[in-house]
Each structure stands twice: as C-alpha cells, then as structure tokens.
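In what follows, a single structure is set out as structure tokens and then discussed.
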Amino acid sequence: MRAFAGQHSDRVTIKRTPEQKQQQLRQLKEQLAALKSHAAESLRTSLVKRIAELEKELASAPQPKPKRG
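Numbering that gives the first Met the number 0 applies: residue 0 is where the sequence shown begins, and numbers increase by one.
Encoded structure:
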C-alpha cells in the first residue's frame, strides 16, 4: 500500500512528515531492543543504519514556524 494516492513506482521516495519519521524512529528503536541475541547480524546492522539515517534527517529538518493567531 502506498502512502499517497497515485504513487505507483517503488523508486519514488514516500514523503513522510517529521511526526511520522519520529514515530518510525521509535518503532525501529523498539525493534532493535527486542531483537534476540541469535538474530542475524545483517538485520541488526540494517536497523542501526536506518535509525542513524532517520536521526540525521530529523536533525537537519527545518523546524516548523509557529502559527500566528
């Protein structure tokens, strides 16, 4: 299932809001913590890599401006 209607290609990056990225980051950290000791090292490595990428994206993302009311 795609995140947006009309998105057909797997090569197109799915756009996520910073809130969605933070939620995904929490989920990945929980999955990493829940891994058994006998889990494949490649799985552990890929989770750590994705966590680092998300943290970098969130750190470099511009902060939303407060709305004037």
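Each residue gets a CB set at the ideal place from its N, CA and C atoms; glycine is no exception.
All values derive from a computational prediction rather than experimental measurement.
> Cα separation between residue 49 and residue 66?
Replying inline: 32 Å
> In the structure shown, what three-state DSSP assignment does residue 16 receive?
Replying inline: coil
>> What does the alpha-carbon distance come out to for the pair residue 53 and residue 20?
In response: Residue 53 and residue 20: Cα-Cα distance of roughly 7 Å.
>> Quick check: the Cα distance between residue 41 and residue 24, rounded to an integer number of angstroms?
In response: 19 Å
>> Taking 8 Å as the threshold (C-beta atoms), are residue 47 and residue 31 in contact?
In response: Contact flag set, yes.
> If we call anything under 8 Å between Cβ atoms a contact, is residue 17 one with residue 60?
Replying inline: yes
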